[in-house]
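Enquirer: For the sequence shown, my numbering gives the first residue as 350, with consecutive numbering after it. A virtual CB, placed ideally from N, CA and C, is assigned to each residue, including glycine.
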Amino acid sequence: GIRYLHRVQDIYTPNLELTDTWINMVEHKTLQPWHFSSTKISGSNSFYQFSENILIINSNLNKEKKQKSDTIHFDKPIFDWNLYGILLVGLPFKEGAIYKFPYYSAKTFKVEHLIVKVEGMEAVKNLENQNIKTWKLSCSDGLVFWLTKEAPYVIQLELTIPNQGKIYWNSY
Numbered sequence: 350g351i352r353y354l355h356r357v358q359d360i361y362t363p364n365l366e367l368t369d370t371w372i373n374m375v376e377h378k379t380l381q382p383w384h385f386s387s388t389k390i391s392g393s394n395s396f397y398q399f400s401e402n403i404l405i406i407n408s409n410l411n412k413e414k415k416q417k418s419d420t421i422h423f424d425k426p427i428f429d430w431n432l433y434g435i436l437l438v439g440l441p442f443k444e445g446a447i448y449k450f451p452y453y454s455a456k457t458f459k460v461e462h463l464i465v466k467v468e469g470m471e472a473v474k475n476l477e478n479q480n481i482k483t484w485k486l487s488c489s490d491g492l493v494f495w496l497t498k499e500a501p502y503v504i505q506l507e508l509t510i511p512n513q514g515k516i517y518w519n520s521y
């Protein structure tokens, strides 16, 4: 059978209140997406089913449980926009290298491209004040990753939100 990489991520407010749970599944060897779902505490949910060059979206976005369904066809395969960190770990890390990945944007409802630049190696301190050797990668959508080739892979993440500030995420 096909082996899948499965990830569950809980999304919290700054007050540590759970707001959303994301579940991703991608084919283990190629990282081609198979499914993504989002379940919000408010009761709304979305389910994205990827198949070759097709994306099927089923969602209910309100308390009345009105269903919405869309089928979108693409010229080429796309990647799951919620798994950048895992996707980027698979790249050859070479300082100055630039990569481009197509993905479907739930904000613009069209194919966008993530542009990634390998900035170079950088040490990141963990909670025990020890240096962890990472590779710093900058992305076109305001994301900066500090990655390693071993688990937990994504050591640090910074997201710049225009006119709102930055969000930081650390894993040790």
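Assign residue 448 to one of three DSSP states: helix, strand, or coil.
Expert: Start at 1 with the first residue of the sequence shown, and residue 448 comes out as number 99. Looking at residue 448 - three-state DSSP - the assignment turns out to be strand.
Enquirer: Going by C-alpha to C-alpha distance, which of 420, 379, 422 sits closest to residue 435?
Expert: Against the sequence shown, residue 435 aligns to sequence position 86. Taking only the C-alpha atoms, the option nearest residue 435 is 379.
Enquirer: State the DSSP-derived secondary structure class of residue 364, mapped to helix, strand or coil.
Expert: Start at 1 with the first residue of the sequence shown, and residue 364 comes out as number 15. It is coil, neither helix nor strand.
Enquirer: What's the C-alpha gap between residue 438 and residue 350?
Expert: Counting from 1 along the sequence shown, the entry for residue 438 is found at position 89. Counting from 1 along the sequence shown, the entry for residue 350 is found at position 1. For residue 438 and residue 350, the distance between alpha carbons rounds to 24 Å.
Enquirer: Shortest alpha-carbon distance to residue 384 belongs to which of 406, 512, 418, 463?
Expert: Within the sequence shown, numbered from 1, the residue matching residue 384 stands at position 35. That would be 406, whose Cα lies nearest to the Cα of residue 384.
Enquirer: Can you tell me the Cα-Cα spacing of residue 428 and residue 372, whole angstroms?
Expert: As a position in the sequence shown, residue 428 is number 79, starting the count at 1. As a position in the sequence shown, residue 372 is number 23, starting the count at 1. If I take the Cα positions, the gap works out to 15 Å.
Enquirer: Using a Cβ-Cβ cut-off of 6 Å (strictly less than) and excluding sequence neighbours within five positions of residue 447, which residues of its own chain qualify?
Expert: Your numbering for residue 447 matches position 98 in the sequence shown. Around residue 447: 466.
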